[in-house]
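Note sheet for the following structure.
There are 2 protein chains.
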Amino acid sequence: MLCKDIYSALTPVLARYDSEQVCVVCDANVSFESPYPTLTLAVSEQNKSLERVSRIWDFFFEHGLTRRGVVIAVGGGVLTDIAGFAAATYKRGVDYINIPTTLLAMVDASSGGKTGINYHGLKNSIGAFAPPVDTLIWPGWLKTLPVHEFLSGYGEMLKTGLLNTKLWPQFLQYDLDTMDLEALTPLIEQCLAVKGRIVAADPRDSGRRKVLNLGHTFGHALEEISMQNATDSHPMPHGYAVVYGLIAEVYLSVIKTHCPKEPLQQLTQLMLHYYGKPQCKCSDRERLIALMQQDKKNERTAEINCTLLRSVGSPLINQVISPDEASEAFDFLFSL
Amino acid sequence: MLCKDIYSALTPVLARYDSEQVCVVCDANVSFESPYPTLTLAVSEQNKSLERVSRIWDFFFEHGLTRRGVVIAVGGGVLTDIAGFAAATYKRGVDYINIPTTLLAMVDASSGGKTGINYHGLKNSIGAFAPPVDTLIWPGWLKTLPVHEFLSGYGEMLKTGLLNTKLWPQFLQYDLDTMDLEALTPLIEQCLAVKGRIVAADPRDSGRRKVLNLGHTFGHALEEISMQNATDSHPMPHGYAVVYGLIAEVYLSVIKTHCPKEPLQQLTQLMLHYYGKPQCKCSDRERLIALMQQDKKNERTAEINCTLLRSVGSPLINQVISPDEASEAFDFLFSL
Chain Y
1 MLCKDIYSAL TPVLARYDSE QVCVVCDANV SFESPYPTLT LAVSEQNKSL ERVSRIWDFF
61 FEHGLTRRGV VIAVGGGVLT DIAGFAAATY KRGVDYINIP TTLLAMVDAS SGGKTGINYH
121 GLKNSIGAFA PPVDTLIWPG WLKTLPVHEF LSGYGEMLKT GLLNTKLWPQ FLQYDLDTMD
181 LEALTPLIEQ CLAVKGRIVA ADPRDSGRRK VLNLGHTFGH ALEEISMQNA TDSHPMPHGY
241 AVVYGLIAEV YLSVIKTHCP KEPLQQLTQL MLHYYGKPQC KCSDRERLIA LMQQDKKNER
301 TAEINCTLLR SVGSPLINQV ISPDEASEAF DFLFSL
Chain Z
1 MLCKDIYSAL TPVLARYDSE QVCVVCDANV SFESPYPTLT LAVSEQNKSL ERVSRIWDFF
61 FEHGLTRRGV VIAVGGGVLT DIAGFAAATY KRGVDYINIP TTLLAMVDAS SGGKTGINYH
121 GLKNSIGAFA PPVDTLIWPG WLKTLPVHEF LSGYGEMLKT GLLNTKLWPQ FLQYDLDTMD
181 LEALTPLIEQ CLAVKGRIVA ADPRDSGRRK VLNLGHTFGH ALEEISMQNA TDSHPMPHGY
241 AVVYGLIAEV YLSVIKTHCP KEPLQQLTQL MLHYYGKPQC KCSDRERLIA LMQQDKKNER
301 TAEINCTLLR SVGSPLINQV ISPDEASEAF DFLFSL
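So the protein lines, in turn, are chains Y and Z.
Using my numbering, the final residue of the first sequence is 336, and nothing's skipped along the way.
Using my numbering, the final residue of the second sequence is 336, and nothing's skipped along the way.
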């Protein structure tokens, strides 16, 4: 739910719980004042691990949190994914509230009930479906968001835009040079409405929800390679990977399912103008393809399953891609 | 479901899955032949840990198990609890089938959807509600079950018996000296039917299902202390702890909720004849009470919440016990 003030939005949600049974898990780079016990955690895709989950469980035990209590998760998508998984498995599940503080977390991670951690370098490969009792979205957090994080969130919005004929032209019109929050707020709202309808129809990701995976089969592989390759602490932001994945998958849509070329050109322009080219080498291609064959979205071992487009607003789920086709899509992406 | 042969019972259940997408997790002391990849695991209450869960996840990844696959868990309750939790969190949840091989697992762990591990010495304090797609019960496994494991399972059956006026006299009549399987089978079936009705009405243990916790508030604490105290690998079997817990809680039922003394006398006789006295010292009392205050069944911090009886067949949930009352119940139990 969009709100103008986090504290006044929290009050009615917390009224359902004993005030001694509230624990906060807060991202280290966010400031969130509250009277409740708070665990501040530095998180990243690299340490989105079982070890962080254990830290959170320990904190819950120390504060005597019972199953009737509630956890408030404040931060980006990595934080809300980890804290959500810790809450989902603590004493077989305690309620939690998400307060996403990045654009990516607002439009993606914080709603829909997917929680989890990375395991053996595979993104979100251990986790649970456990929706938060509420998600409070305050666009004010975005005023101080670094530009690359803003763009990362917008990459995920672009994906949702491609699923809806009304949204896509609005998303192309939004001015990424000024990043005006007032103009962005109704777009966030529409994004959440589109996602909410899809998730409600298929909460466990077995059918229709797969349309939300557009861009993510190739995107996840690029992100994982980047995590493995990154020598510093700055691998590819998730939403950048989604933009690159969208280009690869819309390219395949053009050649396999007769999608018009226009959205591919529009995406390519946005990428070149704002996101830059992916930092991957052609020699990564084999590892990328192997990673896609391990993707949890696959229905069979070693098969690459992805969502393609017939056109903007008309996604096609469960499209099987051959390794040669995958290779060709990477060639296209890396040649831009 | 009760079956006469595991393999013919499995066939229709497995027909729903790709035969290359079946993984077996099998208790080290059980022999189970199948054409599927099998991980054999030695498990116990002491190593019912995150480390075992990781072993199972690794095995699933090695064999390329996808979300459309299925896991067969074969073994006692510790094995099915760990494997069920691993399945529930692998790629946010893969189907699993339980094949319980001990009486305790048949009547308790393998149905009802509770999965989990011990954490910081607290039983099942990390876990998930994730029911198996099927539970196949073949009483033939019990022919070679050690006597103390048989008695442990029967302890859990006694608890279910106390919840039902028709079952209780049948359970008292069953001859524990001969342990005849043919006479036992209909009792297992009735036990599962009683449990099934209760779980269906409250799958997440927030209300009516708490009647199944009878004996478990005191029982879990005794079991945890025994795990902490055990210098060898033989702590108190779960069902023994339940019998001791039932005695403590039925004692409290007599003094607090006017339960007749008869079931307390019947339980005490069974205990002295078959189970022996609990291996706990009066000096453990303070630690036992502290453990009960940490129990995940509690609704508030530091409160001891338990299920008592008004009479056989009439359980009362959410009864709050003071530390003094808990102490008195332990005195009674330790003085027998």
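Where a beta carbon is used, it is the ideal one built from N, C-alpha and C, also for glycine.
Chain Y residues whose Cβ lies nearer than 7 angstroms to that of residue i
i: residue 114 of chain Z; result: 92
i: residue 125 of chain Z; result: 91
i: residue 57 of chain Z; result: 119, 126
Residue i, enclosing alpha helix (DSSP H) - first and last residue
i: residue 290 of chain Y; result: 285–293
i: residue 259 of chain Z; result: Note, residue 259 of chain Z: premise wrong, no alpha helix (DSSP H); not H, not E.
i: residue 173 of chain Z; result: 167–173
i: residue 324 of chain Y; result: 323–335
i: residue 86 of chain Y; result: 77–89
i: residue 199 of chain Y; result: 181–201
i: residue 217 of chain Y; result: 216–229
i: residue 151 of chain Z; result: 147–162
Residue i burial status per 10 Å Cβ neighbour count (16 or more: buried)
i: residue 1 of chain Y; result: exposed
i: residue 200 of chain Y; result: exposed
i: residue 234 of chain Y; result: exposed
i: residue 92 of chain Y; result: buried
i: residue 186 of chain Y; result: exposed
i: residue 117 of chain Y; result: buried
i: residue 98 of chain Z; result: buried
i: residue 222 of chain Z; result: buried
i: residue 318 of chain Y; result: exposed
i: residue 324 of chain Z; result: exposed
i: residue 239 of chain Z; result: buried
i: residue 278 of chain Z; result: buried
Unbroken beta strand (DSSP E) run spanning residue i, endpoints
i: residue 99 of chain Y; result: 95–100
i: residue 10 of chain Z; result: Here residue 10 of chain Z belongs to no beta strand (DSSP E); instead the alpha helix (DSSP H) covers 6–14.
i: residue 306 of chain Z; result: 304–311
i: residue 53 of chain Y; result: Here residue 53 of chain Y belongs to no beta strand (DSSP E); instead the alpha helix (DSSP H) covers 50–62.
i: residue 122 of chain Y; result: 122–129
i: residue 25 of chain Z; result: 22–27
i: residue 118 of chain Y; result: 114–119
i: residue 38 of chain Y; result: 38–41
Residue-chain proximity (residue i, chain Y), Cβ-Cβ < 9 angstroms
i: residue 307 of chain Z; result: no
i: residue 84 of chain Z; result: no
i: residue 319 of chain Z; result: no
i: residue 110 of chain Z; result: no
i: residue 54 of chain Z; result: yes
i: residue 302 of chain Z; result: yes
i: residue 294 of chain Z; result: yes
CB contact below 9 angstroms: residue i versus chain Z
i: residue 119 of chain Y; result: yes
i: residue 64 of chain Y; result: yes
i: residue 15 of chain Y; result: no
i: residue 337 of chain Y; result: The structure shown does not extend to residue 337 of chain Y, since chain Y spans only 1 to 336, so no value can be given for it.
i: residue 326 of chain Y; result: no
9 angstroms Cβ cut-off: residues of chain Z touching residue i
i: residue 129 of chain Y; result: 92, 93
i: residue 334 of chain Y; result: Chain Z residues near residue 334 of chain Y: none, gap ~27 angstroms exceeds 9 angstroms.
i: residue 73 of chain Y; result: Correct list: empty, because the minimum Cβ distance to chain Z is about 17 angstroms.
Interface partners of residue i on chain Y, CB under 8 angstroms
i: residue 38 of chain Z; result: Those do not exist, as residue 38 of chain Z stays about 17 angstroms from chain Y at its closest Cβ, beyond 8 angstroms.
Within chain Z, partners of residue i - CB distance below 7 angstroms
i: residue 61 of chain Y; result: 120
Partner residues on chain Y for residue i, Cβ-Cβ distance less than 9 angstroms
i: residue 141 of chain Z; result: Simply none; closest approach about 27 angstroms.
i: residue 329 of chain Z; result: Correct list: empty, because the minimum Cβ distance to chain Y is about 22 angstroms.
Beta-carbon neighbours of residue i, restricted to chain Z and to distances below 8 angstroms
i: residue 88 of chain Y; result: 128
Residues within the region 198–227 of chain Z neighbouring chain Y, beta-carbon criterion of under 9 angstroms: Look at the region 198–227 of chain Z: the residues with a C-beta under 9 angstroms from a C-beta of chain Y are 204, 205, 206.
Proximal residues, the region 244–259 of chain Y versus chain Z, C-beta separation under 9 angstroms: Those would be none; no residue qualifies.
Chain Z contacts from the region 23–51 of chain Y (Cβ-Cβ distance under 8 angstroms): Residues passing the 8 angstroms Cβ filter: 50.
Positions along the region 135–159 of chain Z whose CB lies within less than 8 angstroms of some CB in chain Y: Cβ contacts with chain Y: none found.
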